[in-house]
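Notes follow once the structure below has been shown.
There are 4 protein chains.
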Amino acid sequence: MNKKEILSDVLRHVDVTTFDARPLITAYGDMAFQARNLSRATDILNRMLADRECSVILTLAGSLCSAGLKDALALMIETNMVDAIVSTGANIVDQDFFEGMGFRHYKGAPHQVDDQKLRELGIDRIYDTYIDEDELRECDMAIAEIAGTLEPRAYSSREFIQAMGAWLDKRGLGCEHSLVHAAYKKDVPIFCPAFSDCSAGFGLVHHQWHNEKYLTIDSVADFRELTRIKIEAGETGIFMIGGGVPKNFTQDVVVATDILGEEKPMHKYALQITVADERDGALSGSTLQEACSWGKVDTVYEQMVWAEATLVLPLMISDAWHTGDWKKRAARQYNKLLATSGAKA
Amino acid sequence: MNKKEILSDVLRHVDVTTFDARPLITAYGDMAFQARNLSRATDILNRMLADRECSVILTLAGSLCSAGLKDALALMIETNMVDAIVSTGANIVDQDFFEGMGFRHYKGAPHQVDDQKLRELGIDRIYDTYIDEDELRECDMAIAEIAGTLEPRAYSSREFIQAMGAWLDKRGLGCEHSLVHAAYKKDVPIFCPAFSDCSAGFGLVHHQWHNEKYLTIDSVADFRELTRIKIEAGETGIFMIGGGVPKNFTQDVVVATDILGEEKPMHKYALQITVADERDGALSGSTLQEACSWGKVDTVYEQMVWAEATLVLPLMISDAWHTGDWKKRAARQYNKLLATSGAKA
Amino acid sequence: MNKKEILSDVLRHVDVTTFDARPLITAYGDMAFQARNLSRATDILNRMLADRECSVILTLAGSLCSAGLKDALALMIETNMVDAIVSTGANIVDQDFFEGMGFRHYKGAPHQVDDQKLRELGIDRIYDTYIDEDELRECDMAIAEIAGTLEPRAYSSREFIQAMGAWLDKRGLGCEHSLVHAAYKKDVPIFCPAFSDCSAGFGLVHHQWHNEKYLTIDSVADFRELTRIKIEAGETGIFMIGGGVPKNFTQDVVVATDILGEEKPMHKYALQITVADERDGALSGSTLQEACSWGKVDTVYEQMVWAEATLVLPLMISDAWHTGDWKKRAARQYNKLLATSGAKA
Amino acid sequence: MNKKEILSDVLRHVDVTTFDARPLITAYGDMAFQARNLSRATDILNRMLADRECSVILTLAGSLCSAGLKDALALMIETNMVDAIVSTGANIVDQDFFEGMGFRHYKGAPHQVDDQKLRELGIDRIYDTYIDEDELRECDMAIAEIAGTLEPRAYSSREFIQAMGAWLDKRGLGCEHSLVHAAYKKDVPIFCPAFSDCSAGFGLVHHQWHNEKYLTIDSVADFRELTRIKIEAGETGIFMIGGGVPKNFTQDVVVATDILGEEKPMHKYALQITVADERDGALSGSTLQEACSWGKVDTVYEQMVWAEATLVLPLMISDAWHTGDWKKRAARQYNKLLATSGAKA
């Protein structure tokens, strides 16, 4: 097979408005194990969306936007279900922004083509998904291009991602739904605490390498800005897809308010979809009870679902969309808050 | 139990020089499953250490330095087994630097004390390990203090961690072995690509919040500096404990050299200890063959070991220490390289 | 809480005919990871049901019938979707037959009540599910009672389970759907290769202990009878929920035909829902490619789905039920075949 | 590669007496996570061996005897560390008895040779291990041969396995250590509750198919005999490698004594090495606390270790062997007890 043949079967994103998962989720609530956990998690999600006092923070880790979940996640932004996002870089840049530029992911399979051959053909693989490496290089360079248009100072990743949204908006969006673009339009902040750890890193290193005066990405600013949101928001709920840095970073923000003498309550609602185990002591699989010992998460409304995200996230968002509590939620537009202030609130 | 009683059983770090794991590792090589994988991985580790052309990068994710592995990891720095480290922030700041300040971790158990009660007592829990939260706050403030002594400009996390090592050295090291301190003494760079995602974040947000002029942590600089090391080193091997940002970040550096027009070979050796599964498509559990499709890792000398790190890492390092190939390795002192140059090599 | 309060929230079984999973499964087919695997597995399930030449064997391991899947599995028998079942004993006796007697499972939670206290109250726990131990003892004794009515000779587990179905039928079924009862009515054989490893073991040991002349359960007969079905059926497909003995036993039957000089083709279709990993070398997580090396499973139509069964099995059966290929399947009634012959076919 | 080349690298079994794991296990006791769990489990193992009142039951699931653990497990029998064994059939027949006949396992790799090609060559694969299928057929036929020499009545699997030991003893043992042979010499009972689910099944179906009068394997007898041992033993400890039928069967025996009106205490000590997760509700990964709710396992001395067995079992047995509490243990020779009685004790 040549490259064109290998990259022929386009991956498509699920549209959770086309089916109503509510009867399923309700029935699952009377069963056992992860079915019941999924049902309870969805119930808490709806409760969180119905709570007028609560700001919702979504965290993303794992290859979600390349796996067909991009449109479902973008829908959450578009319909005011989410007020801030903390993500790995790959989801935001290599996957969402990449499709926003008009590129696509392709269906493949783990052992279909030898990885050495894929390398020679310039095809990158994520488990069962293929990417055209040339297109990914264009994505890297778009980041360098955007960096070149900005004043050479320190930025939070959020500020830079906002600029990426503006760039997409000006250029014309190359796909139907995009987190980066929707967040730009809705003033929803997106943070990538390890922003260099993705396609953005390539573009930004290129930018710094080739410019005497260059911008920097201040990772402290990310944490400071999310802390400011927590101070402003008061009540918060977190919906975590996967673990990793986004999970830890978002939980930590409660402690940060305390350290700044602006103590705020623990996250009132906490949901996590994960396949990680708690028995290796790593943060990704740590229980939400453990997070309570750190003063980060309250344990009244918390639920973990042990599942690979593609299987259950569409069901949860479909239920929440059809239930409709998002219709009464105000757009908090935290980008506006962050734009009008310096380091200190 | 009161706080003092709960925090009474001090966790101790394994000293891998006190037993010789070589007969065990050799015997495991003739067995099957993960025993054989462990033996093969150790063989590759020794091969990598014996390869005079090869620089070794160690990546750390998961709670390793709080779990009794701190001294074994520090030994790798002290004996020139490792030339650069990429880590999650918690390992470096909350755990290693924390013990370097003289604080300790304590043995606990998952369901021994209710997490709400731990919270009230100011005890933080990592699975079966306890931490005195008041001491952790002192650690946060030490970071703020160090930040206050530095010129307000953009730093890589590596630069800041070097300053932490100097601070420990000046103050007097509060434990026998420390990664941060050993790396300072040996000029081994340590990078935390998500540096705000740990105790450092608390200290640095405090620093920025309370100072009009403040330093920033440029995450692009981290990636640029590691890329410079790759350009300088040429041949490299990576020893990955866990996955997460450190795994991805370190693999990406090969691609970065290409983007800067300084193309260097893929990582020649690649080892990973992980409990992650490949079937969720996330980076942590992705195979090293998959990394080959991205042009990051060569597949001749690669091995994954499916195990929780505390069980197998002491065996691997004990074998390598007793085998002794580290005795002929030169100290590369990459901190010196990075000190003498600007953004561009 | 007293026993009655703890056992108050009845677990209910999902009815997969009340929602149509087809749009979801179709959308999942264009995504990645386990969503796509689930979609492909469902496609193979439908293909297998539409193949007039193919007999379908269902294997069950894990606590499925206590977890809300009983009615969905019984539906497969009632609608001719399945021609033989191989199961762990617990699913058939402690869970399905138990509910057939009119008893129920109750919703609980892992750490809601201390297990020592549950023990004192006579409540047995399966993760998040509670059982009244007194009722389970009645179930054990019903087995002893049935054994007492049978002629004292060697039985296959299938024969005994058929007698359990007759007993339920005579007594009046105490729940809406039951695998044991439906299999009795439809002449579908159910095998438990480790029949003593469940409530049946208690009843049958009681029977042997208290009777001079007693029946025995010949586990060789189970294997011989399933082999006869394979010889008769020719083409077969296997739908495996979990791994364990049922998976191995059913795969082995292909080899058995060869050993008897009646060589039959490998299982043409093979599906498995499992959370097991292949890296421990155990059979439960072994790939279906590995099974091909043993001559057991063909690799054209095989798919594993990495998920906890309660999450995905209702979706698969709902899709298959609504697709409707079962309407054209003949009832093979293999119990009749097995009734009319001796050891040899 | 031809068959001979593929089957050239012989797998060897670890000899745990050649290294002393005690310093390692002691050091692990002061660490965290699974290292500490392993240390505590080994401590309980030693405590159990030093308890003169306690009979030890070993349970085996997963491919252990083909993976290099055969000699370590046989050592436990040879040195009176274990008084009864409950196992999957494959460990006992396809792997241990098979090597006892003089055959060997070979080192391979998961994707080294295509599984279709392995099939054509008559090579069976267990993850990274190869078996000559022709030799496995000889093993099947040896079972048929042994069955042919026995009086045609109902046997427990234990009785049949004892006959296998006698057959090996008469023929001359074809390897250095064998569980089946050592158990025969030491009168240690071995039970396979699903005895047809392995090579024995092939041989025994062949036996029944070709003989008008044939023996049967009564799985109720297995459970009854193990219950008799529990009644005789009183205090018991269980050391479980993997889960599956052997775990459940052995735990259930406590309940069985109660049902027979001969109530005996719960298992006093309970250890399990497993990679299974509790969150699917299956027995294999269920906690030992959960087993307490069923009245099966006491919770004072219980410990699970989350690890693949080849990595940790040699360390535990090495520690126990060097600690030497086995030297004072009497051989209980439960085969003698079972030989001298009918169904009832």
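Chains as they are written, first to last, in the numbering used here: chain W, 78 to 422; chain X, 78 to 422; chain P, 78 to 422; chain E, 78 to 422.
The beta carbon of each residue, even a glycine, is placed where N, CA and C say it ideally should be.
Item, Value
"Residue 226 of chain W burial status per 10 Å Cβ neighbour count (16 or more: buried)", "exposed"
"Coarse secondary structure for residue 305 of chain E, derived from DSSP in three states", "helix"
"Given residue 385 of chain X as reference, the closest of X/107, X/98, X/327, X/138 once Cα atoms are compared", "X/138"
"Interfacial residues, the stretch 89-106 of chain W to chain P, with Cβ spacing under 8 Å", "89, 90, 91, 92, 95, 96, 98, 100, 101, 104, 105"
"Three-state secondary structure assigned by DSSP to residue 379 of chain E", "strand"
"Euclidean distance between Cα positions of residue 412 of chain W and residue 249 of chain W", "22 Å"
"Residue of E/118, E/179, E/143, E/80 minimising C-alpha distance to residue 165 of chain E", "E/143"
"Bridge partner(s) assigned by DSSP for residue 173 of chain E", "BP columns for residue 173 of chain E are empty, so no partner."
"Segment contact, 8 Å Cβ cut-off, at least three pairs: the stretch 349-358 of chain W with the stretch 107-116 of chain E", "yes"
"Alpha helix (DSSP H) runs contained entirely in the stretch 199-253 of chain P, provided each spans 4 or more residues", "210-226, 234-248"
"Cut-off 6 Å between Cβ atoms - residues of its own chain near residue 422 of chain P, not counting five sequence neighbours on either side", "Residue placement at residue 422 of chain P cannot be trusted, given a pLDDT of 48 that sits under 50; what the coordinates show is reported in the next sentence. Excluding residues within five positions, the ones whose Cβ falls inside 6 Å are 305, 308."
"Within-8 Å CB hit, residue 422 of chain W to chain P", "Since pLDDT at residue 422 of chain W reaches only 48, below the 50 mark, its modelled position is unreliable, and no value is offered."
"Beta-carbon separation (whole angstroms), residue 281 of chain P vs residue 190 of chain E, contact threshold 8 Å", "Incorrect: roughly 45 Å between the Cβ atoms, too far for contact."
"The stretch 363-381 of chain X contacting the stretch 365-373 of chain W, beta-carbon criterion three pairs below 8 Å", "no"
"Residue 87 of chain P in three-state terms, based on DSSP", "strand"
"8 Å Cβ cutoff met for residue 206 of chain E and residue 185 of chain E", "yes"
"Test item: CB-CB of residue 169 of chain P and residue 245 of chain P under 8 Å", "no"
"Interface residues of chain E facing residue 278 of chain X [CB-CB closer than 7 Å]", "Chain E residues near residue 278 of chain X: none, gap ~23 Å exceeds 7 Å."
"Beta-ladder partner(s) of residue 132 of chain E, from DSSP", "E/313"
"At least three beta-carbon pairs within less than 8 Å, the stretch 313-329 of chain X to the stretch 265-280 of chain X", "yes"
"Proximity below 8 Å, CB of residue 89 of chain W to CB of residue 107 of chain P", "yes"
"Interfacial residues, the stretch 242-274 of chain X to chain W, with Cβ spacing under 8 Å", "270, 271, 272, 273, 274"
"Spatial neighbours of residue 240 of chain W in its chain, beta-carbon cut-off 7 Å, leaving aside the 5 residues before and after", "223, 227"
"Beta-carbon proximity of residue 96 of chain P to residue 415 of chain W, cut-off 8 Å", "no"
"Residue 243 of chain X vs residue 162 of chain X beta-carbon contact at 8 Å", "no"
"Local conformation of residue 349 of chain P per DSSP, three classes", "strand"
"9 Å Cβ cut-off: residues of chain X touching residue 235 of chain E", "Chain X residues near residue 235 of chain E: none, gap ~28 Å exceeds 9 Å."
"Residue from W/171, W/347, W/221, W/105 whose Cα sits closest to the Cα of residue 134 of chain W", "W/347"
"Runs of alpha helix (DSSP H) wholly within the stretch 253-282 of chain X (minimum 4 residues, chain order)", "256-263"
"Contact check, residue 122 of chain W vs residue 316 of chain W, beta carbons under 8 Å", "yes"
"Bridge partner(s) assigned by DSSP for residue 318 of chain P", "P/137, P/350"
"Best match in E/200, E/279, E/251 for proximity to residue 335 of chain P [C-alpha to C-alpha]", "E/279"
"Unbroken stretches of the alpha helix (DSSP H), 4 residues or longer, contained in the stretch 85-123 of chain E", "99-105"
"Where residue 387 of chain P falls, given that 16 or more other Cβ within 10 Å makes a residue buried", "buried"
"Residue 182 of chain W versus W/295, W/94, W/83, W/196, residue with shortest Cα-Cα distance", "W/83"
"Bounding residues of the alpha helix (DSSP H) (the contiguous stretch that carries residue 408 of chain X)", "Per DSSP, residue 408 of chain X belongs to no alpha helix (DSSP H) and is neither H nor E."
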